[in-house]
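J.:
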Amino acid sequence: MTLVQYGRCFNGIFIREVLRFVNQYGRFFAALVRPLVWLFIFAAGFRYVLGVSRIEPYDTYVLYEVYITPGLIGMIQLFNGMQSSLSMVYDREMGSMRTLMVSPFPRWYLLTSKLLASVLVSILQVYAYLLIASLVFNLKIPVMGFLYIIPVLILTGMMLGSIGLLLSSLIRQLENFAGVMNFVIFPMFFASNALNPLWRIRESSVPLFYICAWNPFTHAVQLIRFALHGKFNLFSEAALKFSVANPTVLQSLLIVTGFLILFLACAIYGYDPSRGVIARRGGPGGAA
Amino acid sequence: MDSSMETPGVALAVKELSHSFGKRKALDDVSFAIESGSFTVLLGPNGAGKTTLFSLVTRLYNNRSGSIRIYGHEVRQQPSKALAQMGAVFQQRTLDLDLTVADNLRYHAALHGMSSRDTKSRIEIELKRAELFERVNDRVRSLSGGQMRRVEIAGALLHRPRLLLLDEPTVGVDIASRQTIVEHVHRLCKEDGLGVLWATHLDDEVHADDRLVILHKGKVMAHGNMSAVIDSTGVRSVKEAYGKLTGGGRA
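Protein sequences, first through last, are from chains S and P. Take the first sequence: its position 171, counting from 1, is numbered 170 in numbering that gives the first Met the number 0, and each next residue is one higher. Take the second sequence: its position 144, counting from 1, is numbered 143 in numbering that gives the first Met the number 0, and each next residue is one higher.
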């Protein structure tokens with residue numbers, strides 16, 4: 000297989016992912032409306048209770064809706080990653096996963112391509128959300144922030160998506176997906192800095208603070224937060240001052256990258272024809 | 000020496016293949032070969048091990064013992080070369096119902112690294128052969144079960160494989176369409192010199208000049224030309240041979 004053929008293969012997987020997304024109006028609608036509803040509810044309900052004091056990367060006190068926007072962007076990616084894993088479990092039951100698996104390209108390449116393709120789709124959703132939030136809710140986002148977040152969204156999306164990919168190699172049936180929602184998506188989102196800064200969480204519960212501090216989602220949100228406000232400075236002196244309560248960009252970058260490598264490696268292992276979970280159990284598509 | 004040179008005419012060679020899930024032995028010392036240009040029916044009741052065999056040949060998971068060679072390429076050691084020679088139609092539907100026939104087929108072609116020009120001409124050729132070219136821009140959802148199957152067969156052939164595997168391709172298809180599909184694949188086998196492995200539990204899908212592998216409880220009960228299998232079993236028809244060897248066609 001030549002490099003050009005590898006490119007064509009990725010292109011085909013990407014186009015299919017986009018076509019599927021555009022064809023599932025419900026999914027597109029839900030992906031867009033969910034964070035907007037949250038923005039509306041949280042911003043309206045809590046902005047006077049929960050104004051956030053000056054904290055990196057913000058230069059001044061910020062409105063609550065500004066504070067939670069990176070978390071909501073993270074949520075779009077988290078949901079997209081899990082939804083993509085849901086569709087892989089579905090694909091596996093329906094058999095279209097097998098079309099992917101009989102391709103002569105290496106399996107790690109196919110899985111990573113599928114992951115990246117779904118991340119690129121999630122970035123389209125993020126932009127649609129940001130656009131509506133800025134126009135309708137008058138959310139103030141630095142113009143350059145729209146550009147700075149692209150590489151960060153690829154990284155955070157890959158990391159969150161690889162959790163979904165890993166789960167899809169472990170979950171046997173579609174029904175178990177409700178469990179994923181309850182035990183993965185919600186805890187990850189709420190036990191993070193998406194809605195409250197870590198220092199405020201520490202004030203109410205120290206154990207929860209440590210859970211939040213180690214939650215990969217916290218660091219994904221942290222990266223998005225810094226990038227969105229044009230403060231993605233990896234090599235400043237401040238970036239080296241690692242802190243549990245207020246992780247620096249470099250710190251979060253290392254943690255997100257570490258988790259990405261870990262989750263992706265486990266997922267590829269899960270799909271390995273000789274050693275993975277599928278090989279032991281016989282699925283997908285019937286055990287016998 | 001390139002192993003593919005040793006056996007130019009053998010499309011698929013399965014040798015001493017065993018596989019188990021936990022304690023249950025799904026395949027037990029299975030050996031058979033398929034010549035290119037021949038149509039081999041893998042006949043066995045549900046649970047005989049047909050799907051496991053397909054999963055191993057298509058490398059969904061790897062075999063623990065024995066070997067599987069596709070035109071001389073061992074599936075475990077040279078998966079890329081082996082899979083490039085093979086087209087597969089699975090028991091479950093693999094088409095995306097909300098996309099058009101062309102979208103689905105382009106996805107297949109991309110997964111084999113085909114160029115867009117080659118893809119376009121191959122889609123036209125294969126769909127015309129399947130007599131479905133006029134449906135190329137229709138959503139798959141609007142096709143009948145039998146038509147979907149023929150689209151899947153067209154998709155499996157896009158990258159010009161020399162071995163075609165079909166796992167119970169007529170399940171859930173009405174009798175008339177079933178006949179069309181059986182005839183269509185027989186024709187493809189003759190025209191292209193394809194090696195075909197057709198798994199089924201329906202003995203009436205066997206043609207007189209087909210080869211036969213009867214699988215039961217993970218073991219090969221009979222293997223050879225249809226007439227040879229009938230003779231060796233001491234019966235008069237495939238139906239009787241199948242019934243005798245598999246205890247009435249039950250697992």
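A virtual CB, placed ideally from N, CA and C, is assigned to each residue, including glycine.
Kindly indicate which three-state DSSP category residue 80/S falls into: helix, strand or coil?
T.: Residue state, collapsed to three classes: helix.
J.: Comparing C-alpha positions only, which one of 129/S, 244/S, 152/S sits nearest to residue 76/S?
T.: Residue 152/S is the option with its Cα nearest to residue 76/S.
J.: Going by other Cβ atoms of all chains shown within 10 Å of its Cβ, with 16 needed for buried, is residue 10/P buried or exposed?
T.: Per the 10 Å Cβ criterion, buried.
J.: Does any CB atom of chain P fall closer than 8 Å to the CB of residue 97/S?
T.: Yes, because at least one Cβ of chain P sits closer than 8 Å to the Cβ of residue 97/S.
J.: Using a Cβ cut-off of 7 Å, pull out every chain S residue sitting near residue 106/P, in sequence order please.
T.: Here the neighbours are 11, 15.
J.: When the cut-off is 8 Å and only beta carbons count, does residue 61/P lie next to chain S?
T.: Closer than 8 Å: yes.
J.: Do the segment 83-93 of chain P and the segment 156-167 of chain P meet, that is, are 3 or more Cβ pairs less than 8 Å apart?
T.: Contact between the segment 83-93 of chain P and the segment 156-167 of chain P is present, because at least three Cβ pairs lie under 8 Å.
J.: Could you tell me how far apart the beta carbons of residue 147/S and residue 231/S are, in whole angstroms, since I believe they sit closer than 8 Å?
T.: Yes, they are in contact, since the Cβ atoms of residue 147/S and residue 231/S sit about 6 Å apart, within 8 Å.
J.: CA-CA distance, residue 166/P and residue 197/P?
T.: Each residue's alpha carbon lies about 6 Å from the other.
J.: Strictly under 8 Å for the Cβ-Cβ distance: is residue 248/S near chain P by that measure?
T.: For residue 248/S, the answer is no, since every Cβ of chain P falls outside 8 Å of its Cβ.
J.: Whose Cβ in chain P lies nearer than 8 Å to the Cβ of residue 102/S?
T.: 82, 110, 111, listed in chain order.
J.: Which one or two residues does DSSP pair with residue 224/P in a beta bridge?
T.: Its beta-bridge partners are 210/P.
J.: Verify the CB distance criterion: does residue 1/P have a CB-CB separation below 8 Å to chain S?
T.: Confidence at residue 1/P is low in this model, with a pLDDT of 44, below 50, so the placement of that residue should be treated as unreliable; the coordinate-derived value is given next. False, the Cβ-Cβ gap to chain S never drops below 8 Å.
J.: Starting from residue 143/P, trace the beta strand (DSSP E) in both directions and tell me its first and last residue.
T.: No beta strand (DSSP E) contains residue 143/P, which DSSP labels as neither H nor E.
J.: List the residues of chain P that residue 33/S touches, going by C-beta distances under 7 Å, in chain order.
T.: The contacting residues do not exist; residue 33/S stays about 22 Å from chain P at best.
J.: Quick check: the Cα distance between residue 185/S and residue 132/S, rounded to an integer number of angstroms?
T.: When rounded, the distance between both Cα atoms is 23 Å.
J.: Leaving out five residues before and five after residue 117/P in sequence, what residues of the same chain have Cβ atoms less than 8 Å from its Cβ?
T.: 108.
J.: Tell me which residues share the same chain as residue 250/S and place their Cβ nearer than 6 Å to its Cβ, disregarding the 5 neighbours each side in the sequence.
T.: Same-chain partners within the cutoff: 241.
J.: Hey, is residue 89/P's beta-carbon within less than 8 Å of any beta-carbon in chain S?
T.: True, the Cβ-Cβ gap to chain S drops below 8 Å.
J.: Out of 128/S, 142/S, 143/S, which one is the CA nearest neighbour of residue 136/S?
T.: Of the listed residues, the one whose Cα sits closest to residue 136/S is 128/S.
J.: For a cutoff of 8 Å on Cβ pairs, would you count residue 117/P as touching chain C?
T.: No chain C is part of this structure, whose protein chains are labelled S and P.
J.: Using three-state DSSP, classify residue 3/P as helix, strand or coil.
T.: At residue 3/P the pLDDT is 42, less than 50, meaning the model places this residue with poor confidence and gives no usable figure here.
J.: So is residue 52/P in contact with chain S if we call contact Cβ pairs under 8 Å?
T.: Chain S contact via Cβ: absent.
J.: Under 8 Å between the Cβ atoms of residue 173/P and residue 140/P?
T.: No, the pair does not count as a contact, with Cβ atoms beyond the cut-off.
J.: Determine whether the beta carbon atoms of residue 148/P and residue 37/P lie at a separation below 8 Å.
T.: Contact: no.
J.: Would you check if there are 3 or more beta carbon pairs closer than 8 Å linking the segment 31-42 of chain S to the segment 118-128 of chain P?
T.: Contact fails: fewer than three Cβ-Cβ distances are below 8 Å.
J.: Which chain S residues sit within Cβ distance under 7 Å of residue 102/P?
T.: Per Cβ cutoff of 7 Å: 18.
J.: Report the residue ranges of all alpha helix (DSSP H) runs contained in full by the segment 107-175 of chain S; include only those spanning at least 4 residues, in chain order.
T.: Listed in chain order, the complete alpha helix (DSSP H) runs (minimum 4 residues) inside the segment 107-175 of chain S are 142-169.
J.: Express the C-alpha separation of residue 68/P and residue 3/P in angstroms, rounding to a whole number.
T.: Low per-residue confidence applies at residue 3/P: pLDDT is 42, beneath 50, and the placement is therefore not dependable enough to give any value.
J.: Can you tell me whether residue 169/P is helix, strand or coil according to DSSP?
T.: Three-state DSSP puts residue 169/P in coil, outside helix and strand.
J.: For residue 79/P, which residues in chain S fall below 8 Å Cβ to Cβ?
T.: Simply 0, 103, 104, 105.
J.: Tell me whether the beta-carbon of residue 205/S lies closer than 8 Å to the beta-carbon of residue 156/S.
T.: Taking 8 Å as the Cβ cut-off, residue 205/S and residue 156/S do not qualify as a contacting pair.
J.: In terms of residue numbering, what span does the beta strand (DSSP E) encompassing residue 39/P cover?
T.: Element bounds for residue 39/P: 38-42.
J.: At a Cβ threshold of 8 Å, is residue 86/S touching chain P?
T.: Chain P, which has no Cβ nearer than 8 Å to the Cβ of residue 86/S, makes this no.
J.: Is any beta-carbon of chain P found at less than 8 Å from that of residue 8/S?
T.: Closer than 8 Å to some Cβ of chain P, the Cβ of residue 8/S qualifies, so yes.
J.: Who pairs with residue 57/P in a beta bridge, going by DSSP?
T.: Paired residue(s): none; residue 57/P is not in a bridge.
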